[in-house]
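Notes for the one structure printed next.
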Amino acid sequence: MENPIYLTTKSPSLLGKVAKIAVTVVLIGLALMFSALLFLAVLIVGALAWGYVWWRTRDLRKQMRQYRPRDEVVAEGEVIEGEVIRAG
């Protein structure tokens with residue numbers, strides 16, 4: 620009784636090897652094209668989101684420009700410089 624695992628089969632022909640290589644190249648090409656399209660879609664969605672936020676905050680930016688202090692001292696304070704030495 621022969622073990623079916625050890626049965627020898629014919630080695631793939633040259634045409635079979637070429638077909639496997641061609642299919643592999645096509646699949647890699649399709650994967651690269653899909654990843655490029657996915658990257659482009661993410662880039663477009665990000666640009667649209669940034670544009671939406673920029674457009675919605677235009678009035679706020681205008682108000683911030685109007686109410687900023689003009690060469691005035693906003694708050695006076697005392698700056699204390701020194702070093703901290705911690706034991707331990």
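With this note's numbering as the guide, the letters of the sequence shown map in order to residues 620 to 707.
Yeah, the Cβ is synthetic: ideal placement off N, Cα and C, and Gly gets one too.
Treat the numbers as computed from the prediction; the structure is a model and nothing was measured.
- For Ile699, the secondary structure class from DSSP, reduced to helix, strand or coil, is coil.
- Assignment of Ala650 by DSSP, reduced to helix, strand and coil, places it in the helix class.
- Under the three-state reduction of DSSP, Ile663 is assigned to helix.
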